[in-house]
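J.:
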Amino acid sequence: MKSAVAATVTTALPAQPQHGAARAKVGEEKNKEADGDDRVILHFDYDCFYASVIENAHPALRTRPLGVRQKSILATCNYVARTRGVRKLMPVAQARAACPDLVVVCGEDLAPFRDASRRLWAFLRGAVAGARTERLGLDEVFLDVTAAVVYNRALLNPNALRDSFFHLSAEDPERGFTFDATRFAGCVHPPPDGQGEQHAGAGAAVLDDPVRVRLMLASHLAGYLRRRLEEDFGYTSSGGISTNKVLAKLVGSVNKPRNQTTLLPVQGENTIQEFLDAHQIREIPGIGSRTSSIIADHLFPPGKAVRAGHQEPEQQTPSGITVRDVLRYPDMSPALLSRILDRPGAERGGGKKIWNLLHGRDASEVKEAGVAPTQISVEDTYMARPLNTLPEALRELSVLATSLVRRMRADLTTAAEELTDPSSAGSAGLPLGTQQKRRWLAYPKTLRLSTCAHPGKSGSVSSTSNPSFSRISRSQPLPSFALDLGRPCAEVAERLVREALLPLFRRLHVGRAAGWNLALLNVCVANMVPVAGDGSSGSGGGAGGRDISRMFRTQGERLREWSAWDDDATTTTTTTTTMMSSPSLSPPRDRNDLFDGKAEGGAVANGGSEEKNDVEDAGSASAETELWAVDDGDSDSDVGWEDEDGDSVAQQRCAACGHVVPTFAMSAHERFHAMGD
DNA sequence: TGGGGTCCT
DNA sequence: AGGACCC
């Protein structure tokens with residue numbers, strides 16, 4: 010995978026912004042069969058997120074075993090509970106049996122979790138200039154921090170690595186943190202002490218490897234961000250640092266609660282493939298249960314004898330087939346994999362994609378999520394008492410519809426900041442001072458209703474292989490009255506039921522007036538169309554409108570914001586070489602060394618258990634387009650880096666502008682002035 | 001055995 | 001409209 014002399018960083022960029030699609034294509038080609046070592050990706054996973062949200066609202070629960078329930082299972086539980094034998098996704102009854110004093114909290118309403126997730130996400134989005142952030146579910150975030158890391162690598166001072174300063178913005182030299190560039194923050198994946206290692210620690214010959222230096226920098230960035238998440242927001246997290254999304258995410262789970270892991274290449278060894286080889290294929294993100302079982306069935310046809318080569322039953326995740334098993338299979342190849350997975354409806358590049366994942370290659374980009382979701386759905390299940398009559402169904406539909414309308418208003422509108430004159434505001438019939446004008450950021454074009462019949466009640470199917478019985482759905486255009494902000498949610502919802510959802514329901518269940526045995530109802534709006542004049546919403550569903558402004562915020566533009574050259578031929582090589590010879594690129598002292606003095610959990614406490622203080626703090630603080638290029642073609646490391654000895658954060662005042670700047674930021678700061686033209 | 005999401009066909 | 005994937 011990794012070649013010793015990669016030197017591929019994409020800082021040299023065309024002068025003009027590129028069209029998003031064009032840029033993506035270039036990216037694909039570049040990553041096609043190449044290393045894909047040219048990015049730096051962070052993955053954060055908030056530890057037992059739902060439980061943490063509850064704990065932050067009720068700090069007294071922090072020390073008690075806590076489970077968060079949805080219907081009859083625990084969506085998650087805190088680590089105290091896990092100590093007592095409680096597991097994620099465990100039935101509530103079983104959990105109580107294992108831990109009688111378990112505190113169980115209902116988590117069926119996702120609003121508090123959604124709010125907390127958005128607050129953390131807003132912080133991360135604004136934290137690193139030029140980074141892209143992508144949310145996965147409510148509790149995971151990817152960041153592409155390539156630009157910031159490349160920039161900071163160019164600024165490393167080989168004479169004072171221990172007192173390095175990481176710039177979070179090229180625009181504001183004071184924004185950042187100090188760190189020790191002679192070591193990684195947190196854990197690294199093949200552990201330096203590892204028995205097999207004959208390299209001296211994590212060190213020696215390796216630091217002339219630019220990938221490794223970037224990962225070292227990224228580990229400190231990840232450590233800093235996680236510390237902020239914990240200290241400022243009360244959420245601990247696990248982090249993974251690597252060169253693409255799948256590896257970052259995978260390696261993040263190596264040291265799970267409240268820690269982080271950097272996956273580093275080791276020269277002359279294929280440590281990344283070894284890391285992957287040991288995983289069950291089902292554990293690789295992107296390889297789901299369907300693909301897993303198809304592969305398993307092909308490699309070891311169900312009729313035949315059990316695998317001989319495997320000594321242990323290994324009662325872990327399903328199938329037991331590892332990445333190594335697949336790759337070592339006779340004549341295994343992308344083509345064979347494609348044939349195995351080929352079936353009607355299969356994804357086109359599917360085989361090749363899986364093949365790449367099995368090798369740790371993942372060219373997918375970190376996608377900046379729009380402020381508006383592309384879909385909003387509300388659902389409820391009725392396992393215990395399936396719906397069979399129209400009055401029941403209508404009652405539930407109206408509950409769901411009310412909640413849907415409320416969510417549309419919460420997630421798809423924003424405060425209207427138009428400079429409306431007081432008289433026109435008053436004419437809307439609301440008190441002047443308290444008027445909450447909202448306007449749509451994006452509006453859905455489609456309304457969809459889905460149902461699902463009860464698996465066991467009337468029909469067949471009890472198979473474990475059946476992942477919840479399949480849904481059926483019907484959709485229609487969303488009536489425009491659904492967008493009327495002047496009426497109460499419940500009123501809009503009732504009309505929605507009568508005029509849209511009921512007809513959809515009849516289309517779903519033609520010919521039967523009752524007795525459907527419905528175990529699930531789902532109401533969904535989709536196909537969001539951004540409102541013209543606002544650049545912040547989801548992907549255009551139809552021909553409606555494309556979000557032009559977002560298409561220009563491509564990776565190229567982000568990199569240009571930082572734009573320090575990463576040419577290994579220049580002074581940076583000196584930097585890294587010198588770095589190597591520095592006393593120790595020591596192994597992490599300890600697995601939990603990141604937050605030294607701190608005793609136990611966040612302590613943010615969040616004051617009283619104030620119920621809701623919500624509403625849109627999410628919008629602000631995103632990384633602005635700070636378009637200025639630090640051209641650091643030369644001059645770098647020697648000039649301006651005297652033998653500064655000051656232990657902690659030495660500062661200087663800039664003669665040009667009077668800003669107080671950390672000494673290690675001074676060089677960058679001066680270039681800032683030089684740039685100004 | 002939940003209550004959500006995304007993308008592709 | 002459905003299926004695959006993710007949490």
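Residue numbers (my numbering): 10 to 686. Using N, Cα and C, we set each Cβ at its ideal position, and we do this for glycine too.
1. Would you identify the three-state DSSP class for P597, choosing helix, strand or coil?
2. For E64, name the three-state secondary structure that DSSP assigns.
3. Taking 8 Å as the cut-off, decide whether the C-beta atoms of L98 and V89 are in contact.
4. Roughly how many whole angstroms lie between the Cα atoms of I303 and R93?
5. Pull up the distance between the alpha-carbon of D7 and that of N531, whole angstroms please.
6. Can the beta-carbon of V62 be found less than 8 Å from the beta-carbon of A125?
7. Is DSSP giving G655 helix, strand or coil here?
8. If we count the other Cβ atoms within 10 Å of its Cβ and call it buried at 16 or more, is R521 buried or exposed?
9. Taking the continuous beta strand (DSSP E) assigned at N536, which residues delimit it?
10. Please report the distance separating the alpha-carbon of A393 from that of T270.
11. What are the boundary residues of the alpha helix (DSSP H) that F309 is part of?
12. So G249 and H52 are in contact, right, with Cβ under 8 Å, and what is the actual spacing, rounded?
13. Are there three or more Cβ pairs, one per stretch, closer than 8 Å when the stretch 354-363 is compared with the stretch 480-496?
14. Assuming E64 and N87 make a contact with CB atoms under 8 Å, what is their CB distance in whole Å?
15. Assuming V266 contacts S251 (C-beta within less than 8 Å), just tell me the rounded distance between them.
16. Determine the burial state of E426: buried for a count of at least 16 other Cβ atoms within 10 Å of its Cβ, exposed for fewer.
17. Would you kindly check if the distance between the Cβ of F242 and the Cβ of L129 is under 8 Å?
18. To the nearest angstrom, how far is it from the Cα of A502 to the Cα of L272?
19. Which residue wins for smallest C-alpha separation from V113, given the options R123, A419, D46 and A102?
20. Taking all protein chains shown into account, do 16 or more other C-beta atoms lie within 10 angstroms of the C-beta of T72, making it buried, or fewer, making it exposed?
21. Which residues bound the alpha helix (DSSP H) around T411?
22. Determine contact between the stretch 360-378 and the stretch 386-403, defined as no fewer than three beta-carbon pairs at a distance below 8 Å.
23. Just to confirm my understanding: we take E225, look at its own chain, exclude 5 residues before and 5 after, and list those with CB closer than 6 Å. What are they?
24. Apart from the five residues just before and just after V696, which ones in its own chain have a Cβ nearer than 6 Å to its Cβ?
25. Going by DSSP, which residues form a beta bridge with W449?
26. Name the DSSP beta bridge partners of F188, please?
27. Would you grab the beta carbon distance between A2 and S178 for me? Rounded to a whole angstrom, and I think it's under 8 Å.
28. Which residue from L366, A136 and A528 puts its Cα closest to that of L152?
29. Smallest Cα separation from A344: which of N365, V255, R333 and S328?
30. Please report how far the alpha carbon of R299 lies from the alpha carbon of R171, in whole angstroms.
31. Around the C-beta of A69, are 16 or more other C-beta atoms found within 10 angstroms, so that it is buried, or is it exposed?
32. Terminal residues of the continuous beta strand (DSSP E) containing H52?
33. So, does the stretch 223-239 touch the stretch 346-356, judging by three or more C-beta pairs under 8 Å?
34. Is the CB-CB distance between V387 and L406 below 8 Å?
35. Going straight from the alpha carbon of A287 to that of I293, what length do you get?
36. For T331, which three-state DSSP category applies?
T.: Working from what's here:
1. Low per-residue confidence applies at P597: pLDDT is 29, beneath 50, and the placement is therefore not dependable enough to give any value.
2. Correct three-state label for E64: helix.
3. Their beta carbons are not under 8 Å apart, which means L98 does not touch V89 by this criterion.
4. 36 Å
5. The requested residue 7 does not occur in the structure, where the chain is confined to residues 10 to 686.
6. Yes, the pair counts as a contact, with Cβ atoms nearer than the cut-off.
7. For G655, the pLDDT reaches just 28, beneath the cut-off of 50, and the residue's location in the model is therefore unreliable, leaving the point undetermined.
8. Around the beta carbon of R521, a 10 Å sphere encloses fewer than 16 other beta carbons of the protein chains shown; the residue is thus reported as exposed.
9. L527 to P539
10. If you take the alpha carbons of A393 and T270, they lie about 43 Å apart.
11. It is not in any alpha helix (DSSP H) - F309 carries neither H nor E in the DSSP assignment.
12. In this structure G249 touches H52 by the C-beta definition: roughly 4 Å separates them, less than 8 Å.
13. no
14. 7 Å
15. Note that residue 266 is Pro in the sequence shown, not Val. For a cut-off of 8 Å, the C-beta gap from P266 to S251 is around 20 Å, too long to register as a contact.
16. exposed
17. yes
18. 50 Å
19. A102
20. exposed
21. L399 to L421
22. With a cut-off of 8 Å on Cβ pairs, the stretch 360-378 is not in contact with the stretch 386-403, counting fewer than three such pairs.
23. For the record, residue 225 in the displayed sequence is Met; it is not Glu. Excluding sequence positions up to five before and after M225, its CB lies within less than 6 Å of the CB of F193, all in the same chain and listed in chain order.
24. Residue 696 lies beyond the stretch modelled for the chain, which goes from 10 to 686, so this question has no answer here.
25. T422
26. S173
27. Since the first residue shown for the chain is 10 and the last is 686, residue 2 is missing from the structure and cannot be characterised.
28. A136
29. N365
30. 49 Å
31. exposed
32. I50 to Y55
33. no
34. Result no, Cβ atoms of V387 and L406 do not sit closer than 8 Å.
35. 11 Å
36. strand
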